[in-house]
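*Asks:* For reference, the structure I am asking about is given below.
Protein chains: 4
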Amino acid sequence: MPKRKICVVVTARPSYSRIKSALKAIQEHPELELQLVIAGSALLDRYGNAVDFIEKDGFTIAAKVFMVLEGENPTTMAKTTGIGVMELTNVFYNLQPDAVVTIADRFETIATSIAAAYQNIPLVHIQGGEVTGSIDEKVRHANTKLSDLHLVSSDDARARVIKLGENPEKVINTGCPSIDLVKEICAEETLNFDPIEKYGGVGEELNWKDGYAVVMQHPVTTEYQKSREHITETLEAINKLNYPVFWFWPNVDAGSDGTSNGIRTFREMVKPKSIHFFKNMEPLDFLRLLKHSSALIGNSSAGIRECSYLGLPVVNIGNRQNRRLRGKNVRDVSPQRDEIYDAMKEVINYNKFPVSKIYGNGEAGKKIAEILASSELSFSKTINY
Amino acid sequence: MPKRKICVVVTARPSYSRIKSALKAIQEHPELELQLVIAGSALLDRYGNAVDFIEKDGFTIAAKVFMVLEGENPTTMAKTTGIGVMELTNVFYNLQPDAVVTIADRFETIATSIAAAYQNIPLVHIQGGEVTGSIDEKVRHANTKLSDLHLVSSDDARARVIKLGENPEKVINTGCPSIDLVKEICAEETLNFDPIEKYGGVGEELNWKDGYAVVMQHPVTTEYQKSREHITETLEAINKLNYPVFWFWPNVDAGSDGTSNGIRTFREMVKPKSIHFFKNMEPLDFLRLLKHSSALIGNSSAGIRECSYLGLPVVNIGNRQNRRLRGKNVRDVSPQRDEIYDAMKEVINYNKFPVSKIYGNGEAGKKIAEILASSELSFSKTINY
Amino acid sequence: MPKRKICVVVTARPSYSRIKSALKAIQEHPELELQLVIAGSALLDRYGNAVDFIEKDGFTIAAKVFMVLEGENPTTMAKTTGIGVMELTNVFYNLQPDAVVTIADRFETIATSIAAAYQNIPLVHIQGGEVTGSIDEKVRHANTKLSDLHLVSSDDARARVIKLGENPEKVINTGCPSIDLVKEICAEETLNFDPIEKYGGVGEELNWKDGYAVVMQHPVTTEYQKSREHITETLEAINKLNYPVFWFWPNVDAGSDGTSNGIRTFREMVKPKSIHFFKNMEPLDFLRLLKHSSALIGNSSAGIRECSYLGLPVVNIGNRQNRRLRGKNVRDVSPQRDEIYDAMKEVINYNKFPVSKIYGNGEAGKKIAEILASSELSFSKTINY
Amino acid sequence: MPKRKICVVVTARPSYSRIKSALKAIQEHPELELQLVIAGSALLDRYGNAVDFIEKDGFTIAAKVFMVLEGENPTTMAKTTGIGVMELTNVFYNLQPDAVVTIADRFETIATSIAAAYQNIPLVHIQGGEVTGSIDEKVRHANTKLSDLHLVSSDDARARVIKLGENPEKVINTGCPSIDLVKEICAEETLNFDPIEKYGGVGEELNWKDGYAVVMQHPVTTEYQKSREHITETLEAINKLNYPVFWFWPNVDAGSDGTSNGIRTFREMVKPKSIHFFKNMEPLDFLRLLKHSSALIGNSSAGIRECSYLGLPVVNIGNRQNRRLRGKNVRDVSPQRDEIYDAMKEVINYNKFPVSKIYGNGEAGKKIAEILASSELSFSKTINY
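Protein chains in written order, with the working numbering: chain A, 20 to 404; chain B, 20 to 404; chain C, 20 to 404; chain D, 20 to 404.
Listed below in structure tokens is the structure:
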């Protein structure tokens with residue numbers, strides 16, 4: 020019997036980390052053949068070209084798709100998606116997969132969904148059913164409505180996808196594959212690398228060994244003009260706290276230029292003493308850095324997902340993660356420097372929280388592969404009510 | 020105060036007919052400015068270029084967008100959508116509308132939705148919340164999840180959109196604007212034109228004055244290879260019945276070539292005696308033709324919508340209209356020649372059914388314009404559960 | 020030593036016939052690997068899908084590229100080219116050929132040229148250096164300026180490419196591969212198939228065995244609105260002559276709709292008695308049909324090229340072939356019914372002309388493969404003056 | 020009589036400066052209407068968004084076209100061009116210009132040419148007929164073959180365009196509009212602004228008042244992997260010379276990342292003491308900076324054109340400007356640190372050269388407008404031999 024060909028489209032470096040355990044499980048499954056497509060910002064040096072990581076991890080890339088139009092504004096975001104639909108349609112037409120996997124809710128993931136659904140290829144959506152703010156919210160649920168099989172990350176998400184009219188048999192809580200990675204490094208007692216030595220970056224040489232926090236703040240696309248304002252509030256709060264901080268550059272969403280410019284200007288004008296900047300880090304190292312930190316600050320979904328399992332205190336700024344299911348480790352604040360400062364000051368002295376399994380128990384990748392191998396694949400459905 | 024700019028995108032001739040009363044009401048509303056975009060197959064002679072109709076009806080076209088890639092298969096359907104996203108993004112970027120209106124569920128309508136939603140333009144969806152088979156089903160609900168305001172055609176549809184997690188205040192049953200046109204011609208006692216004289220067409224010179232039926236059968240996209248088989252069943256049934264029939268060519272969906280080829284081959288081999296073929300007809304004339312006919316056969320949504328108000332008997336073939344809300348006038352059959360034949364034989368002798376207002380009372384256009392002028396427009400939302 | 024990978028892009032059915040002997044020679048060459056890309060109208064049923072022919076001829080298709088935007092006007096012609104650049108760039112990026120071959124001067128061939136040249140892939144142009152009217156003229160010479168190696172069809176063409184500033188060592192007269200096919204069937208004494216029996220078509224059952232002519236008339240793109248007018252002149256002339264004629268539908272250039280509509284209308288109004296229409300024919304059969312005909316009428320380049328070797332009288336209408344090198348068998352007329360009629364009346368009684376080798380001796384394919392295998396490939400050049 | 024609509028497409032900031040005097044002359048001409056399209060990197064902050072300059076200069080922008088695909092490699096360069104063809108076709112379709120102007124030889128300028136030529140719009144090419152290395156060489160001459168009217172910058176260029184088979188009446192030496200700007204500032208005795216105060220930038224606070232040089236070095240696209248190597252040679256030479264230098268970041272060509280990364284790395288590792296970096300400068304200020312400098316180093320075409328009129332010594336590195344016509348002020352060196360160092364050391368002590376008018380006398384803009392207003396516009400041509 021021929022293996023089922025499973026085409027997974029990864030459009031950004033962080034998505035790769037999140038799906039990696041599932042990719043591995045698919046690759047190793049005797050009844051599955053992995054067709055890995057790398058697209059969008061995952062190919063671009065500016066956002067941390069993921070290709071090197073991926074090949075080092077032992078994967079073969081079936082196709083690469085350049086599709087990011089420059090401009091970093093809502094208009095180029097939309098056009099990028101249009102280009103993605105054209106290109107990915109071609110890719111699927113040539114690869115002839117038995118199923119296509121689209122991941123989560125980045126704006127360009129709907130290109131994967133359309134290219135598959137319109138060509139009558141069974142579409143599998145990972146991480147549907149969650150709730151956030153901004154354009155992601157629309158994209159995620161539209162992906163759900165275009166998809167035939169839903170592998171969600173929590174019971175909460177499963178209930179929501181079913182409410183959206185999907186057949187309950189087609190909605191399965193596998194847990195989130197991002198937790199699989201966390202589990203891998205969870206037992207390590209100390210940080211086993213020197214971040215600055217290994218990753219360079221720019222900014223101050225921190226004395227991080229006695230404690231540090233991590234910052235990761237992305238622009239919020241429906242408010243992209245406010246990106247610069249928001250980032251400045253966070254910068255001011257962090258600078259005032261004067262506590263060692265490793266800061267990661269934002270992703271490719273519209274407005275990242277506002278965020279980036281905000282950071283650049285602040286650096287030149289204020290010359291903050293306690294911040295070191297990284298462009299990106301190998302996924303496992305990033306998790307290690309989190310595990311051994313005092314807190315995560317910003318609006319990264321890592322604060323919601325990975326940190327729940329880590330029990331790491333999180334200061335979650337603004338409405339980007341909105342109503343996404345969260346553990347007790349998350350403290351929400353608005354993008355105001357005082358609120359951020361006060362929250363940070365408190366949480367960096369917290370103990371770790373207990374492990375929460377709301378996003379799975381670290382076996383998601385294997386479950387996903389198993390379901391892809393065994394479940395019935397179809398491309399036609401009707402709403403359940 | 021500046022008028023609200025309402026950009027309506029029409030991508031197919033039939034969509035134009037359906038939205039016409041709303042376009043007129045928007046154009047005439049003192050607080051609204053209409054920006055009419057004509058795209059896709061609505062521009063193509065092969066499918067009945069709508070531009071002439073539209074300008075004759077007194078509308079100015081703000082932009083024309085060629086976007087249909089040749090091939091008429093799922094691959095070109097997907098790529099057409101990608102081109103549409105690119106092009107419509109540009110159009111909206113230049114027109115700067117206050118709201119964009121996307122209509123129903125044709126595959127390319129999601130291009131309108133993405134181009135607007137990603138650029139943070141409030142998106143209004145007309146005819147959401149219905150249920151059918153095939154790719155339309157996925158597209159329609161994905162459009163709902165990308166839209167901010169839902170102007171639906173029935174109470175049934177309204178309930179479904181709300182179940183999909185939309186804010187009830189943003190879901191309004193205006194009735195379907197297609198019924199507005201029906202109401203216009205509903206009082207006419209006789210057919211006031213000779214179809215063959217006025218529209219030419221090819222095939223037999225029918226003796227239609229003592230009774231005729233109308234056929235309109237589109238390919239079903241998730242089964243596009245079966246299009247030819249299905250159309251042949253219908254052709255055989257109709258040929259056997261030997262009752263005068265006006266037959267309309269299919270639209271531009273993938274597979275229409277199967278349907279078209281099926282018709283062409285049948286004509287050449289069998290030379291049916293009772294069928295006359297039209298490419299298209301002015302919307303009101305089409306409704307007149309329906310009103311004075313004995314029955315509509317095929318899978319057109321006109322059978323479900325317009326014919327409910329007309330009370331015209333309908334033989335609805337196959338699963339294209341699937342679970343769409345229907346009146347008592349509709350009889351569902353599977354795509355088998357015997358079933359079709361038997362149903363037709365019966366219904367052509369029926370009396371008309373009473374007027375049903377399940378799709379509105381013929382005032383939808385005005386209600387739509389009024390809501391567009393007065394309701395709060397936003398582009399950010401979160402699922403309701 | 021690895022084989023040189025030669026990627027040939029065929030964008031239209033007629034181009035396939037013309038290049039076929041070269042494809043075969045490349046495929047059979049021990050040092051070459053053929054990567055055959057089929058794109059544009061060569062994939063479309065409307066224009067005679069070439070894929071079946073090609074696979075039957077023993078070629079494997081490396082990639083298919085749908086790129087023809089519907090509309091058949093100058094705007095969609097330009098956009099089609101843009102889509103072609105995007106898609107073919109992807110194709111070359113994935114195939115990684117050592118050289119790309121672009122053929123002649125159809126509008127979309129410049130997409131092949133740009134996709135190769137911009138990616139620093141050595142570009143080989145076949146059939147450069149000729150002279151015609153319309154947009155082809157601009158496209159052909161632009162292709163020359165983007166190309167690195169020029170395999171031309173005549174001494175006249177070679178001289179012209181050199182005058183255009185190309186290095187004489189990179190300009191080689193191989194003869195035209197289309198003549199290779201002619202040579203193959205040249206010795207056949209009679210037409211070895213019944214065209215109507217084998218190819219169907221529509222129109223009259225002609226009594227062609229005592230003599231017939233062939234008509235092939237394409238729209239002239241810089242005058243696309245005149246297409247309908249021109250075709251009508253030809254139709255009137257041919258109808259008046261009342262001599263059996265096999266007529267081929269036009270290709271996909273802008274304006275073919277004018278041409279097609281002209282033909283359709285004429286058929287319905289005038290019901291010409293002596294014309295039978297074909298959509299397309301296998302290349303060799305088409306040449307056979309020509310060989311055994313009395314004359315070719317229209318503006319096809321086959322009249323200039325293939326017919327020179329056949330010695331077939333040609334009535335060449337209008338300026339589409341303009342100043343292309345021609346043999347004594349060609350008689351030029353303007354698109355006026357009387358001129359066409361008079362010329363046809365005369366030439367159908369001519370004897371055949373002697374074989375002319377101005378376009379080669381029938382060994383072009385082999386020469387092309389040999390040069391592709393042995394010549395130095397580069398992608399950088401500077402004008403020669 | 021309606022004004023002639025002249026659509027000029029500017030795809031990069033430097034092209035804007037060069038064409039500015041012509042834009043002004045077109046705008047002010049009583050028989051012309053300017054339709055200014057800003058596209059490509061001219062819209063992007065990363066490369067110095069030109070929109071602000073342009074609007075401050077009093078121009079209205081008729082359309083903006085985002086078309087630059089991220090990646091900065093030959094593949095994205097080609098795709099960017101494809102997107103450009105699609106988008107610009109739309110723009111011209113809507114603007115309906117009487118003529119389109121394409122400028123020089125950047126890779127994406129062929130998109131303008133195709134979009135115009137294929138839609139039968141008379142195409143005017145500015146700065147044709149010159150000779151350089153790299154992909155520009157192919158693009159420039161392909162632009163010539165697609166164009167109908169050639170407004171060249173030198174007698175040398177005019178002769179070359181005619182040799183390319185163009186009708187001599189359609190080839191006019193207007194001089195280069197870039198010289199018009201030079202003439203404007205040519206009489207100023209001293210630098211009337213402080214570059215660092217006015218433009219910020221990064222790097223050392225130079226003591227530039229006693230003499231400084233300017234550096235501008237772009238990647239060479241056919242050797243894009245060597246960009247980093249080349250830039251490092253220049254950086255080493257300049258660092259060794261230890262003479263104050265204002266350095267401008269490279270443009271958006273493929274490989275600029277190599278160049279940019281080379282600069283960034285050098286700055287961090289070597290911390291050069293005599294270099295100050297700018298992203299961009301208002302065109303007139305840039306010319307002022309040149310005029311009062313000791314020399315220009317790099318491979319910018321400004322060294323060839325503007326500096327000829329200024330009589331400024333130029334060290335021209337590598338083959339990017341190749342065989343472009345140059346004055347006595349230009350000294351060519353290969354991209355080797357010693358050669359660059361030696362040449363620089365010498366030329367910074369040179370006196371200025373006398374004004375050379377090989378690229379015009381500073382009246383090009385007016386001549387261009389006059390020709391556009393008075394010459395016959397056509398879109399059909401045939402090669403002259």
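Here a beta-carbon is modelled for each residue, glycine too, at the ideal position from N, C-alpha and C.
Quick one: which chain A residues come within Cβ less than 7 Å of threonine 278 of chain D?
*Replies:* By 1-based counting over the fourth sequence, the position of residue 278 of chain D is 259. What threonine 278 of chain D touches in chain A: nothing, since even the nearest Cβ is about 13 Å away.
*Asks:* Give the single residue among A:Asp229, A:Phe285 and A:Lys298 whose Cα lies nearest to the Cα of proline 269 of chain A.
*Replies:* Taking the first residue of the first sequence as position 1, residue 269 of chain A is located at position 250. Ranking the options by Cα distance to proline 269 of chain A, first place goes to A:Lys298.
*Asks:* Which residues of chain A have a Cβ atom closer than 7 Å to the Cβ of asparagine 109 of chain C, listed in chain order?
*Replies:* Here residue 109 of chain C is taken as the residue at index 90 of the third sequence, counted from 1. Neighbours of asparagine 109 of chain C on chain A, chain order: Glu106 and Asn109.
*Asks:* Who does histidine 169 of chain C pair with in a DSSP beta bridge?
*Replies:* On the third sequence, position 150 is the one that residue 169 of chain C refers to. Histidine 169 of chain C pairs with C:His144 and C:Val190.
*Asks:* Leaving out five residues before and five after valine 84 of chain C in sequence, what residues of the same chain have Cβ atoms less than 6 Å from its Cβ?
*Replies:* Taking the first residue of the third sequence as 1, we reach residue 84 of chain C at position 65. Answer for valine 84 of chain C: Ala58 and Glu106, listed in chain order.
*Asks:* Which word fits methionine 363 of chain A, buried or exposed, when buried means at least 16 other C-beta atoms lie within 10 angstroms of its C-beta?
*Replies:* For the purposes of this step, residue 363 of chain A is identified with residue 344 of the first sequence, where counting begins at 1. Flag for methionine 363 of chain A reads buried.
*Asks:* Verify the CB distance criterion: does tyrosine 404 of chain B have a CB-CB separation below 9 Å to chain D?
*Replies:* In the second sequence, counting from the first residue as 1, residue 404 of chain B sits at position 385. Judged by the 9 Å Cβ criterion, tyrosine 404 of chain B is not in contact with chain D.
*Asks:* Would you kindly report the start and end of the unbroken beta strand (DSSP E) that includes valine 349 of chain D?
*Replies:* The residue given as residue 349 of chain D occupies position 330 in the fourth sequence. Valine 349 of chain D -> beta strand (DSSP E) spans 349-352.
*Asks:* Contact between the region 27-36 of chain D and the region 113-121 of chain D: three or more CB pairs below 8 Å?
*Replies:* yes
*Asks:* Could you tell me the distance, in whole angstroms, from the CA atom of alanine 135 of chain B to the CA atom of glutamate 89 of chain A?
*Replies:* Along the second sequence, read from residue 1 onward, the residue named residue 135 of chain B stands at position 116. Along the first sequence, read from residue 1 onward, the residue named residue 89 of chain A stands at position 70. Going by the C-alpha atoms only, they are around 19 Å apart.
*Asks:* With distances taken Cα to Cα, identify the nearest neighbour of glutamate 248 of chain B among B:Asn261, B:Thr284 and B:Asp361.
*Replies:* In the second sequence, residue 248 of chain B corresponds to position 229, counting from 1. Selected option, being the one with the closest Cα: B:Thr284.
*Asks:* Examine chain D for any beta-carbon lying closer than 9 Å to the beta-carbon of valine 87 of chain B, and answer yes or no.
*Replies:* Residue numbering aside, residue 87 of chain B sits at position 68 when the second sequence is read from its first letter. Chain D contact via Cβ: absent.
*Asks:* Using Cβ-Cβ distances below 9 Å, what residues of the region 118-133 of chain C are close to chain B?
*Replies:* So the list is empty, because no residue satisfies the distance condition.
*Asks:* Taking 9 Å as the CB-CB limit, is isoleucine 57 of chain C close to chain A?
*Replies:* Mapped onto the third sequence, residue 57 of chain C falls at position 38. Closer than 9 Å: no.
*Asks:* Does the Cβ-Cβ distance between arginine 37 of chain D and leucine 200 of chain D come in under 9 Å?
*Replies:* Counted from its first residue, the fourth sequence places residue 37 of chain D at position 18. Counted from its first residue, the fourth sequence places residue 200 of chain D at position 181. Yes, Cβ-Cβ distance for arginine 37 of chain D and leucine 200 of chain D is below 9 Å.
*Asks:* Is it buried or exposed, phenylalanine 212 of chain A, if we count other Cβ atoms within 10 angstroms and call 16 or more buried?
*Replies:* The count along the first sequence starts at 1 and reaches residue 212 of chain A at position 193. It is exposed - the Cβ of phenylalanine 212 of chain A has fewer than 16 other Cβ atoms within 10 Å.
*Asks:* So which residues on chain A does asparagine 113 of chain C lean against when the C-beta distance must stay under 7 Å?
*Replies:* Sequence index remark: in the third sequence, residue 113 of chain C carries index 94 (1-based). Near asparagine 113 of chain C (Cβ distances below 7 Å), the residues of chain A are Ala82.
*Asks:* What residues match up with valine 86 of chain D in a beta bridge as DSSP calls it?
*Replies:* For the purposes of this step, residue 86 of chain D is taken as the residue at position 67 of the fourth sequence. Rather than valine, the amino acid found at residue 86 of chain D in this sequence is methionine. Partner(s): none; methionine 86 of chain D has no beta bridge.
*Asks:* Could you give the distance in angstroms between the alpha-carbon of isoleucine 282 of chain B and the alpha-carbon of arginine 65 of chain B?
*Replies:* Within the second sequence, residue 282 of chain B is the residue found at index 263, counting from 1. Within the second sequence, residue 65 of chain B is the residue found at index 46, counting from 1. Near 16 Å, if we compare the C-alpha coordinates of arginine 65 of chain B and isoleucine 282 of chain B.
*Asks:* Kindly list the residues whose CB is nearer than 8 Å to the CB of alanine 392 of chain A, restricted to its own chain and excluding five residues on each side of it in sequence; keep chain order.
*Replies:* Taking the first sequence and counting its residues from 1, the one referred to as residue 392 of chain A is at position 373. Around alanine 392 of chain A: Arg23, His48, Glu50 and Leu51.
*Asks:* Taking 9 Å as the threshold (beta carbon to beta carbon), is lysine 98 of chain A in contact with chain D?
*Replies:* Residue mapping note: residue 98 of chain A aligns to position 79 of the first sequence, counting from 1. Interface with chain D (9 Å Cβ-Cβ cutoff): lysine 98 of chain A is included.
*Asks:* For leucine 62 of chain B, which residues in chain C fall below 8 Å Cβ to Cβ?
*Replies:* Position 43 of the second sequence, counted from the first residue, corresponds to residue 62 of chain B. Contact of leucine 62 of chain B with chain C by beta-carbon distance below 8 Å involves Gly90.
*Asks:* In chain D, which residues lie with their C-beta within 8 Å of the C-beta of threonine 95 of chain A?
*Replies:* Here residue 95 of chain A corresponds to residue number 76 of the first sequence, with the count starting at 1. Residues of chain D passing the Cβ test: Phe85.
*Asks:* Closer than 7 Å by C-beta to isoleucine 129 of chain D: which residues in its own chain qualify, once you throw out the five before and the five after it? Chain order, please.
*Replies:* By one-based count along the fourth sequence, residue 129 of chain D stands at place 110. Only Thr100, Val158, Ala161 and Asn162 meet the Cβ criterion.
*Asks:* Please name the residue or residues paired with valine 234 of chain B in a DSSP beta bridge.
*Replies:* Position 215 of the second sequence holds residue 234 of chain B. B:Trp266 and B:Ile316, per the DSSP bridge assignment.
*Asks:* Using DSSP with H/G/I as helix, E/B as strand and the rest coil, what is valine 239 of chain A?
*Replies:* On the first sequence, residue 239 of chain A is found 220 positions in, with the first residue counted as 1. In this structure, valine 239 of chain A counts as coil in the three-state DSSP scheme.
*Asks:* How would you call aspartate 15 of chain C, buried or exposed, if buried means at least 16 neighbouring beta carbons within 10 angstroms?
*Replies:* This structure gives no information on residue 15 of chain C, because the portion of chain C shown stretches from 20 to 404.
*Asks:* Starting from the beta carbon of arginine 179 of chain D, find every residue of chain C whose beta carbon is closer than 9 Å, and list them in chain order.
*Replies:* Here residue 179 of chain D refers to the residue found at position 160 of the fourth sequence. Gly184, Ile402 and Tyr404, listed in chain order.
*Asks:* Quick one: what does DSSP say cysteine 326 of chain B is sitting in, helix, strand or coil?
*Replies:* Locating residue 326 of chain B in the second sequence gives position 307, counting from the first residue. Secondary structure of cysteine 326 of chain B (DSSP, three-state): helix.
*Asks:* Answer yes or no: do tryptophan 266 of chain C and valine 239 of chain C have a C-beta to C-beta separation smaller than 9 Å?
*Replies:* If you number the third sequence from 1, residue 266 of chain C lands on position 247. If you number the third sequence from 1, residue 239 of chain C lands on position 220. No, these two residues do not count as a Cβ contact at 9 Å.
*Asks:* Distance cutoff 9 Å, beta carbons only. Does isoleucine 73 of chain A sit that close to anything in chain C?
*Replies:* Taking the first sequence and counting its residues from 1, the one referred to as residue 73 of chain A is at position 54. Not closer than 9 Å to any Cβ of chain C, the Cβ of isoleucine 73 of chain A fails to qualify, so no.
*Asks:* In this structure, does DSSP put threonine 30 of chain C in helix, strand or coil?
*Replies:* Sequence index remark: in the third sequence, residue 30 of chain C carries index 11 (1-based). Three-state result, threonine 30 of chain C: coil.
*Asks:* Residues of chain D with CB closer than 8 Å to the CB of glycine 381 of chain C, please, in chain order.
*Replies:* On the third sequence, residue 381 of chain C is found 362 positions in, with the first residue counted as 1. Correct list: empty, because the minimum Cβ distance to chain D is about 28 Å.
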